[in-house]
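Trainee:
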Amino acid sequence: MPGLAEARDEYHFNNTPSLQPLSPDRVLEDRHITSSGARSRLLTIPVEILANILKYIAEDKKALASLALVNSDCRQLARSYQFSTVCFDYGPNTLDLLARLVEEGRERDSNHGATLTPSIGACIRRIQVKTDTYGVQKLSDLWVSRQDFKALPDEEKDERLEDAHQAYFDTYIPHIGLVLRNKSLPHLEYLAWEDPVLLERPFFNSLVRSSITQLKLSKVRVMEN
Numbered sequence: 114m115p116g117l118a119e120a121r122d123e124y125h126f127n128n129t130p131s132l133q134p135l136s137p138d139r140v141l142e143d144r145h146i147t148s149s150g151a152r153s154r155l156l157t158i159p160v161e162i163l164a165n166i167l168k169y170i171a172e173d174k175k176a177l178a179s180l181a182l183v184n185s186d187c188r189q190l191a192r193s194y195q196f197s198t199v200c201f202d203y204g205p206n207t208l209d210l211l212a213r214l215v216e217e218g219r220e221r222d223s224n225h226g227a228t229l230t231p232s233i234g235a236c237i238r239r240i241q242v243k244t245d246t247y248g249v250q251k252l253s254d255l256w257v258s259r260q261d262f263k264a265l266p267d268e269e270k271d272e273r274l275e276d277a278h279q280a281y282f283d284t285y286i287p288h289i290g291l292v293l294r295n296k297s298l299p300h301l302e303y304l305a306w307e308d309p310v311l312l313e314r315p316f317f318n319s320l321v322r323s324s325i326t327q328l329k330l331s332k333v334r335v336m337e338n
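According to the numbering used here, the residues represented by the sequence shown are 114 to 338, in order.
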């Protein structure tokens, strides 16, 4: 598929400062605690102390998962650790998350920058865009052996490749740009882009409007005027 390479350089945010956990009030975006949350003793603790407690809970994935089941407010606190760093690899989970972020962005656009319920986007601090080419193949009817693909009629091969191209370049990449610019990710700080594709001016306009403070572009081609 044009524009996608099989080899990738590893990038694990080694050169960026350690993330300091967001304070609970920022994760909850200054929302009032829900009625169910008000009954939780944990959420009655002063914010500064609660933040320190959450650091210890986050060290135990099972404890963090249990916290997420208590109520919507505790779920948001757990998400602030579970979703602090995400990788967009074009897998099913990525596409589901991206669709959710697009929807949250639409909510913010129509609700003065707020979402109706606690948002996943508010929890994301780092994003790595690193497409798994095998994932592309699976999602685009290209998951066959090279020999079997060559055996397909030319028309079917062209159709499958075109569908894969459109899904990636006409939907996936624009959706990433959309969530970067429409305030879906109010606390995003770092973006590492590792897909060697052509990025056009609208994408870079998205970055200008985002909250990103550190950017890494690897093997990216830039469209010139």
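Virtual Cβ for every residue (Gly too), placed ideally from N, Cα, C.
Would you identify the three-state DSSP class for K329, choosing helix, strand or coil?
Mentor: Residue state, collapsed to three classes: strand.
Trainee: In this structure, does DSSP put T244 in helix, strand or coil?
Mentor: Reduced to three states, the DSSP call for T244 is coil.
Trainee: Can you tell me whether A212 is buried or exposed? The criterion is at least 16 other CB atoms within 10 Å of its CB, across all chains shown.
Mentor: The residue is exposed, with fewer than 16 neighbouring Cβ atoms inside 10 Å.
Trainee: Go ahead and pull the three-state DSSP assignment for R239.
Mentor: In this structure, R239 counts as strand in the three-state DSSP scheme.
Trainee: Kindly indicate which three-state DSSP category Y203 falls into: helix, strand or coil?
Mentor: Three-state DSSP puts Y203 in coil, outside helix and strand.
Trainee: How far does the alpha helix (DSSP H) with Y169 in it reach, from first residue to last?
Mentor: Its alpha helix (DSSP H) spans residues 160-171.
Trainee: Taking a contact to mean a Cβ-Cβ separation below 7 Å, would you say E161 touches K243 in this structure?
Mentor: The answer is no: Cβ separation not under 7 Å.
Trainee: Around the Cβ of R238, are there at least 16 other Cβ atoms within 10 angstroms (buried) or fewer (exposed)?
Mentor: It counts as buried.
Trainee: Should S223 be labelled buried (16 or more other beta-carbon atoms within 10 Å of its own) or exposed?
Mentor: By the neighbour-count rule (16 or more Cβ atoms within 10 Å), S223 is not buried but exposed.
Trainee: So what does DSSP say about R144, is it helix, strand or coil?
Mentor: Correct three-state label for R144: coil.
Trainee: Name the residue from S232, Y194, C200 whose alpha carbon lies nearest to the alpha carbon of P134.
Mentor: The option with the nearest alpha carbon to P134 is Y194.
Trainee: Give me the Cα-Cα distance between L293 and K174, rounded to the nearest whole angstrom.
Mentor: Approximately 28 Å between the Cα atoms of the pair.
Trainee: Is the beta carbon of V199 less than 7 Å from the beta carbon of I158?
Mentor: Contact flag unset, no.
Trainee: Can you tell me the Cα-Cα spacing of E220 and S331, whole angstroms?
Mentor: Answer to the nearest angstrom: the Cα atoms are 32 Å apart.
Trainee: Leaving out five residues on either side along the sequence, give the residues of the same chain with a beta carbon under 7 Å from the beta carbon of T228.
Mentor: Answer for T228: E217, E220, R221, listed in chain order.
Trainee: Using the Cβ count rule (16 or more neighbours within 10 Å means buried), how would you classify S324?
Mentor: With fewer than 16 other Cβ atoms within 10 Å, it is exposed.
Trainee: Do you know offhand how far H300's Cα is from L155's?
Mentor: So the two alpha carbons sit approximately 24 Å from each other.
Trainee: Under 7 Å, do Q189 and L132 count as touching if we go by C-beta distance?
Mentor: No.
Trainee: From what residue to what residue does the alpha helix (DSSP H) around Y194 run?
Mentor: Start and end: 185-195.
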